[in-house]
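Report on one structure; see the data block that follows.
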Amino acid sequence: MAESITRALVLDIKKHEENEFIVTFFNQKGVFSLFAKGLEKPTSKNKSNLILGGIVDIEYFAARSKEKVGRLKKATLETALDITNRSNSTLFIELRKLFLRIQNNNHLFLEYQRYMDDFNEKNNQYVLTYFYAQVMPHFGISPSFNKCFACGSTRNFVNFEINNGGFICNQHGQKSFLSPYVLHSIWASFHNLLSYIEITDIKLNYELQMLYKNTLQEAGIVNLKAGTL
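The sequence shown stops at residue 230 when you use this note's numbering, and every number in between is there.
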């Protein structure tokens with residue numbers, strides 16, 4: 002097996018048999034697993050570097066076919082997430098449910114890495130809403146979040162209907178209107194986390210989070226009820 006090097010997020014670590022574990026990772030190519038030996042040894046360097054929610058640089062031997070599992074050679078922690086913090090732990094559990102379903106190329110890993118330093122008790126509910134929005138296209142839920150779904154205009158939005166096209170402009174939306182504040186927050190939730198956090202209050206974030214969460218659940222994507230590590 003040829004040796005490979007990549008950067009990835011640690012999603013899960015499970016014991017497979019005596020002195021052998023299966024470690025599940027996620028990166029821009031999707032979810033993948035590797036066998037890892039010796040993680041029970043107190044002196045194991047890989048054990049100390051494989052932290053759930055953390056970003057690691059890994060050296061591994063890739064499997065020769067999709068039906069088989071490769072082997073981890075070395076893991077080096079690049080950025081850790083403090084999952085002893087309850088808010089961080091809850092966020093990671095919810096994001097893991099989403100990432101475990103993605104087995105193809107994606108932008109989510111880079112978004113996680115980009116904003117990881119902003120994960121904290123103040124921001125994490127906003128982070129979760131943002132990732133609910135980001136994950137939708139990967140599951141075939143694709144409201145128009147860049148332009149009016151009717152004409153392609155990128156200006157003068159008056160409404161957003163997640164199950165009926167997405168954004169709509171003032172030339173085509175005649176029945177109901179959302180405030181500019183709400184529309185700006187929806188836009189930011191699909192484009193930039195820090196902007197979304199800056200302009201969105203707690204109440205609106207909760208409403209959007211429930212909207213996005215229910216949309217994912219109604220589509221049968223994933224059970225988003227609370228879980229544990």
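Glycine included, C-beta positions come from ideal geometry on N, C-alpha and C.
Secondary structure of residue i, DSSP reduced to three states
| i | result |
| --- | --- |
| HIS185 | helix |
| LEU12 | strand |
| LYS42 | coil |
| ASN124 | coil |
| SER143 | coil |
| THR91 | helix |
| ILE203 | helix |
| ALA134 | helix |
| GLU68 | coil |
Exposure label - residue i; buried when at least 16 CB within 10 Å
| i | result |
| --- | --- |
| ALA189 | buried |
| THR155 | exposed |
| ARG97 | buried |
| HIS1 | The structure shown does not extend to residue 1, since the chain is modelled only from 2 to 230, so the question has no answer here. |
| ASN160 | buried |
| ALA76 | buried |
| ILE56 | buried |
Where the alpha helix (DSSP H) containing residue i begins and where it ends
| i | result |
| --- | --- |
| LEU195 | 194-200 |
| THR155 | No alpha helix (DSSP H) contains THR155, which DSSP labels as neither H nor E. |
Residue range of the beta strand (DSSP E) that includes residue i
| i | result |
| --- | --- |
| LEU73 | 71-80 |
| GLU19 | Premise fails: GLU19 is in no beta strand (DSSP E) and is neither H nor E. |
Residue of the options minimising C-alpha distance to residue i
| i | options | result |
| --- | --- | --- |
| ARG87 | TYR207, GLU122, HIS17 and ILE198 | GLU122 |
| MET211 | THR77, ILE163, SER177 and HIS192 | ILE163 |
One or two residues paired with residue i in a DSSP bridge
| i | result |
| --- | --- |
| ILE59 | THR7 and ALA76 |
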